[in-house]
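Q: According to mature numbering (1 follows the signal peptide of the UniProt record, and there is no 0), the stretch in the sequence shown is residues -19 to -1, 1 to 261, in order.
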Amino acid sequence: MKAISLSLLLLSLASAVYCMPLSTITEQEQDFALDYLKKFYNLTEETGPTVRRGIDPVTKKLREMQKFFGLKITGTLDEDTMIMMKKPRCGVPDEKVARFSIFGENLKWQKNDLTYRIENYTPDMTRAQVDDSIEKALQVWAKVTPLRFTRLYSGTADIMISFGRYSHGDYYPFDGPDGTLAHAFAPSSGIGGDAHFDDDENFTYRSTSGYVLFMVAAHEFGHSLGLSHSTDPGALMTQTATIEPFYGVYFKNNNSSAAVVGVCESCAVGACVNDTKTFE
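(1) Assuming residue 217 and residue 200 are in contact, meaning their beta carbons sit under 8 Å apart, how far apart are those beta carbons, in whole angstroms?
(2) Tell me whether the beta-carbon of residue 186 lies closer than 7 Å to the beta-carbon of residue 110.
(3) Does the region 128 to 143 come close enough to the region 52 to 65 to have 3 or more Cβ pairs within less than 8 Å?
(4) Would you list the one or two residues that DSSP bridges to residue 97?
(5) Please report the straight-line C-alpha distance between residue 106 and residue 195, rounded to a whole angstrom.
(6) Do you know offhand how far residue 133's Cα is from residue 51's?
(7) In chain order, which alpha helix (DSSP H) runs of at least 4 residues are fully inside the region 130 to 207?
(8) Just grab the DSSP bridge partners of residue 70 for me.
(9) Hey, residue 155 and residue 175: beta-carbon distance below 7 Å or not?
(10) From 89, 22, 157 and 41, pick the residue whose C-alpha is nearest to that of residue 128; which is it?
(11) Whole angstroms is fine: what's the gap from residue 157's alpha carbon to residue 143's?
(12) Going by C-alpha to C-alpha distance, which of 177, 171 and 46 sits closest to residue 161?
(13) Using C-beta distances below 7 Å, list every residue in its chain close to residue 167, excluding the 5 sequence neighbours before and after it, in chain order.
(14) Can you say whether residue 54 is buried or exposed, counting buried as having 16 or more other CB atoms within 10 angstroms of its CB?
(15) Our contact map puts residue 38 next to residue 159 with C-beta atoms below 8 Å; I'd like the distance itself, whole angstroms only.
(16) Give a yes or no on whether the C-beta atoms belonging to residue 211 and residue 219 are separated by under 7 Å.
(17) So, residue 197 versus residue 163, is the Cβ gap smaller than 7 Å?
(18) Could you say which of 43, 98, 124 and 202 lies nearest to residue 21 if we only look at CA atoms?
(19) Between which residues of its own chain and residue 94 is the CB-CB distance below 6 Å, once the five residues before and five after are set aside?
(20) Measuring CA to CA, which of 74, 123 and 103 is closest to residue 96?
(21) Measure the CB-CB distance between residue 184 and residue 119 and report whether it falls below 7 Å.
(22) Grab me the residues of residue 74's own chain with a C-beta within less than 6 Å of its C-beta, minus the 5 sequence neighbours each way, in chain order.
(23) I need the straight-line Cα distance from residue 40 to residue 8, nearest angstrom please.
(24) Which two residues bound the contiguous alpha helix (DSSP H) that contains residue 42?
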């Protein structure tokens, strides 16, 4: 059954590239695109209303992805879509996200005092540089919410921070250099809130020759607090904001949901984020 479903998806993808020159999208890129849509847009074999209306699953997911990134919505695997898919990014899926939204079920911490622990270190930076990058990334969120972060040096913290390669214990393996840089989990017990960084990446303190850990971590900690990805390319919570070579973090207000979420409901969740506020 699994083989049949995969064959159908491959056939759907083949139809999604039918209008492109054969030399433009290779078979390897088609396989890459299928994996991308499965990983970040929950591509599955469908038999519901969408299929009955004649829209195959791949076309549907390509349209969702193109809309999310502000690309021309063609439903085909065109060159612009392929270029976007190949960009280094966060490992958290994009499906069913709003401009500045939270994970499903309104996940948030039921307290304002959170703990974090750095379990291990990347060899790319000194321990002091990693410590400073993580602390500053958490302070980005502390400055715009009632949250307070305290570091633990042993035991289990609310946010466990680690560096790992490929399969690293959470069923979401990394993929080697570039591709997925890191991922984090929404607030909950157990692995909830934890942030994992791909140790095959070249993380740096300030240099733009690699991926600035502060920027990657600030983005991932947004997920640790309950935020999903943003469709605004200038927002910290966009998927590729983690690789931009700047150090000021810009938050943009969303009129429909102006509060930064991820804090206890009984507390001051209406900590608005001004359009022009920056943190150095």
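Glycine is no exception: its CB is placed at the ideal position from the N, C-alpha and C atoms.
A: This is what the structure gives:
(1) Cβ-Cβ separation between residue 217 and residue 200: approximately 6 Å, consistent with a contact (criterion under 8 Å).
(2) Residue 186 is a Cβ neighbour of residue 110, given a cutoff of 7 Å.
(3) When C-beta atoms of the region 128 to 143 are compared with those of the region 52 to 65, fewer than three pairs fall below 8 Å, so the two segments do not count as touching.
(4) DSSP lists 132 and 140 as partners of residue 97.
(5) Approximately 12 Å between the Cα atoms of the pair.
(6) A straight-line Cα-Cα distance of about 41 Å links residue 133 and residue 51.
(7) 194 to 205, all fully within the region 130 to 207.
(8) When beta bridges are read from the DSSP output, residue 70 appears opposite 161.
(9) For residue 155 and residue 175, no; Cβs fall outside 7 Å.
(10) Minimum Cα distance to residue 128 is reached at 89.
(11) If you draw a straight line from the Cα of residue 157 to the Cα of residue 143, it is about 16 Å long.
(12) Closest by alpha carbon: 177.
(13) Excluding sequence neighbours, residue 167 sits near 84, 88, 173, 204 and 207.
(14) Exposed, because fewer than 16 other Cβ atoms sit within 10 Å of the Cβ of residue 54.
(15) Here residue 38 is actually not in contact with residue 159; their C-beta atoms are around 27 Å apart, not less than 8 Å.
(16) Their beta carbons are under 7 Å apart, which means residue 211 touches residue 219 by this criterion.
(17) Contact flag set, yes.
(18) Across the set 43, 98, 124 and 202, the C-alpha of 43 shows the shortest separation from the C-alpha of residue 21.
(19) In the same chain as residue 94, and ignoring 5 residues on each side of it, the C-beta atoms closer than 6 Å to its own belong to 129, in chain order.
(20) Check the Cα spacing between residue 96 and each of 74, 123 and 103: the tightest is with 123.
(21) Taking 7 Å as the Cβ cut-off, residue 184 and residue 119 do not qualify as a contacting pair.
(22) Closer than 6 Å at Cβ, skipping near neighbours: 21.
(23) Taking the straight line joining both Cα atoms gives about 17 Å.
(24) Segment 38 to 50, the alpha helix (DSSP H) holding residue 42.
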